[in-house]
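A.B. asks:
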Amino acid sequence: MQMQDEYILIVDDDKDIRNLLGIYLESEGYRFIKCDNAERALEVLAEYHVALILLDIMMPGMDGIAACMKIRERAKMPIIFMSAKAEDMDIVEGLMAGGDDYITKPFHPVQLVSRVKAQLRRYRQYNDNRISDNMLHYEELALDASTRQTWVNGKELRLTSKEYEILKLLLENKGSILSIPQIYERVWKEEFYHSENTVMMHIANLRNKLRNATGGDEYVQTVWGRGYKL
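Going by my numbering, the residue at position 222 of the sequence shown is 222; the numbering climbs one at a time, nothing skipped.
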């Protein structure tokens, strides 16, 4: 079953195929986004957390092979090619471009859904074993402590060192209220002494970046007279 904030991206210029796949994916509890061209698919990847991509090869404009190579410059989610091109060299080309699986048209949607499940299971098992201890999550927000990277809705958020440390501290203490002295001493690692404005300025900057990335959602909550929390 898919996590709540994840989508499967269907990219195919054939409307009937997009709709049919959507019906079968929805019946299995998956959320999905449909695109009829690769250019729009790349925009979706910057806006949403995509868990897996179903990618047609022969499309007007950018084809699936070129799109896959572009996606692989920044993302590692499973990509399953869907194509009427069934020659061995076509399949090899797709896998060499970065695809994880290749299914030839016409296919039965049940067969494709089974491959979706297998690819998601394999990908999650690998990533859970590799980075689970380093990842912190809250709603659409994810932070990787091993690389010091932060994402909102799957899009990387650029933070200063102090903004990152404050966000990491809040994520490690989700639901708990942290006072300004607590935040200062644990992030700046020195004794707190009339440093309210320093903490408040960094939190204001962090909030602005989060708002811009989410379209206005407020992640960092102020608890008046007590401090801040997620």
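C-beta atoms are modelled at their ideal positions from N, C-alpha and C, and glycine is treated no differently. From a predicted model like this one, the values you see are computed outputs, not experimental measurements.
Where DSSP assigns a beta bridge to residue 200, which residues make up the other side?
C.D. replies: Taking the sequence shown and counting its residues from 1, one reaches residue 200 at position 200. Answer by DSSP bridge pairing: none, since residue 200 is not bridged.
A.B. asks: Starting from the N-terminal side, write out each stretch of the beta strand (DSSP E) that is 3 residues or longer and does not extend beyond the region 138–177.
C.D. replies: Counting whole runs of 3 or more residues, the region 138–177 contains the beta strand (DSSP E) stretches 141–144, 149–152 and 155–157.
A.B. asks: With DSSP run on the structure shown, which of helix, strand or coil describes residue 59?
C.D. replies: To locate residue 59, count along the sequence shown from 1; it is residue 59. Looking at residue 59 - three-state DSSP - the assignment turns out to be coil, as it is neither helix nor strand.
A.B. asks: What do you reckon, are the CB atoms on residue 95 and residue 171 nearer than 9 Å?
C.D. replies: The residue you call residue 95 lines up with position 95 of the sequence shown. The residue you call residue 171 lines up with position 171 of the sequence shown. No. Outside cutoff.
A.B. asks: For residue 176, which residues in the same chain have their Cβ closer than 8 Å to its Cβ, ignoring the five residues on either side in sequence?
C.D. replies: Sequence index remark: in the sequence shown, residue 176 carries index 176 (1-based). Correct list, in chain order: 229.
A.B. asks: For residue 166, I'd like the list of residues in its chain whose CB is within less than 7 Å of its CB, leaving aside the five on either flank, ordered along the chain.
C.D. replies: Taking the first residue of the sequence shown as 1, we reach residue 166 at position 166. Counting only Cβ-Cβ distances below 7 Å, and skipping sequence neighbours, we find 183, 187, 202, 203 and 206.
A.B. asks: Which partner residues of residue 102 appear in the DSSP bridge assignment?
C.D. replies: Along the sequence shown, one-based indexing puts residue 102 at 102. Note: residue 102 sits in a beta bridge opposite 81.
A.B. asks: Touch check for the region 139–155 and the region 54–67: three-plus C-beta pairs under 8 Å?
C.D. replies: Short answer: they don't touch.
A.B. asks: If you run the structure through DSSP and keep just helix, strand and coil, what is residue 213?
C.D. replies: On the sequence shown, position 213 is the one that residue 213 refers to. DSSP places residue 213 in helix when its eight states are reduced to three.
A.B. asks: Is residue 80 closer than 9 Å to residue 42 when the C-beta atoms are compared?
C.D. replies: Numbered from 1 along the sequence shown, position 42 holds the residue referred to as residue 42. Numbered from 1 along the sequence shown, position 80 holds the residue referred to as residue 80. For residue 42 and residue 80, no; Cβs fall outside 9 Å.
A.B. asks: Might you give, ordered along the chain, the residues of its own chain that have their beta carbon closer than 8 Å to the beta carbon of residue 196, omitting 5 neighbours on each side?
C.D. replies: One-based indexing of the sequence shown puts residue 196 at position 196. Answer for residue 196: 180, listed in chain order.
A.B. asks: Mind checking whether residue 10 and residue 35 have CB atoms under 9 Å apart?
C.D. replies: By one-based count along the sequence shown, residue 10 stands at place 10. By one-based count along the sequence shown, residue 35 stands at place 35. Yes, Cβ-Cβ distance for residue 10 and residue 35 is below 9 Å.
A.B. asks: Return the CA-CA distance between residue 200 and residue 45, expressed in angstroms with no decimal places.
C.D. replies: Your numbering for residue 200 matches position 200 in the sequence shown. Your numbering for residue 45 matches position 45 in the sequence shown. Near 33 Å, if we compare the C-alpha coordinates of residue 45 and residue 200.
A.B. asks: To the nearest angstrom, report how far apart residue 145 and residue 33 are at their CA atoms.
C.D. replies: Counting from 1 along the sequence shown, the entry for residue 145 is found at position 145. Counting from 1 along the sequence shown, the entry for residue 33 is found at position 33. C-alpha separation (whole angstroms): 30 Å.
A.B. asks: Buried or exposed for residue 142, please, with buried defined as at least 16 other CB atoms from any protein chain shown within 10 angstroms of its CB.
C.D. replies: The residue you call residue 142 lines up with position 142 of the sequence shown. Looking at its Cβ environment, which holds 16 or more other Cβ atoms inside 10 Å, residue 142 is buried.
A.B. asks: Would you kindly work out how many angstroms separate the C-alpha atoms of residue 13 and residue 222, rounded to a whole number?
C.D. replies: For this step, residue 13 is matched to residue 13 along the sequence shown. For this step, residue 222 is matched to residue 222 along the sequence shown. Residue 13 and residue 222: Cα-Cα distance of roughly 47 Å.
A.B. asks: Give the DSSP-derived three-state secondary structure of residue 230 in the structure shown.
C.D. replies: For the purposes of this step, residue 230 is taken as the residue at position 230 of the sequence shown. In the structure shown, residue 230 sits in coil (DSSP, three-state: anything other than H, G, I, E or B).
A.B. asks: Buried or exposed: residue 83, going by 16 or more other Cβ atoms within 10 Å of its Cβ?
C.D. replies: Working through the sequence shown from its first residue, we reach residue 83 at position 83. Its Cβ being crowded by 16 or more others within 10 Å, residue 83 is buried.
A.B. asks: Straight-line CA distance for residue 173 to residue 49?
C.D. replies: Here residue 173 refers to the residue found at position 173 of the sequence shown. Here residue 49 refers to the residue found at position 49 of the sequence shown. If you take the alpha carbons of residue 173 and residue 49, they lie about 24 Å apart.
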